[in-house]
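Presented below is the structure to which this report refers.
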Amino acid sequence: MAYIQVLPEFGLVADPIVGVVTTAGVSYTPVLEQVAELEKITDDLVGMLSGEGNFLASFPNREGVLKIAGSVTAFWYGMAIGLLVAGVVVLGLL
């Protein structure tokens, strides 16, 4: 693999295959490991939108908990907004 010397006094080279300027001899392995971990987390977040399955870091045998949690959350948000609207209506009639 050939590198293009950018600033030899600082040890900077350009990798024409990847298209980045980096120091010579730097490994991309830690960055790729972090990207793989972030991909797992984003797949978990996208999977939560369907309501099926379970969280990545949840305990076993907790499938379907996302639907229940979503229902309870929607119920409480509905109660809060409904009470707020009812309060505005009651205050408007006074």
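Residue numbers for the sequence shown follow full-length UniProt numbering, so the first one is 1 and each next one is one higher.
Just so it is clear, CB atoms sit at the ideal spot from N, CA and C, and this is done for glycine as well.
- I68 and V6 have their C-alpha atoms some 57 Å from each other.
- In this structure L56 is exposed. Its beta-carbon is surrounded by fewer than 16 other beta-carbon atoms within 10 angstroms.
- Distance from the CA atom of L66 to the CA atom of T42, rounded to whole angstroms, is 16 Å.
- For I81, the enclosing alpha helix (DSSP H) stretches over residues V65 to L93.
- Residue state for A36 is assigned as helix, using DSSP reduced to three classes.
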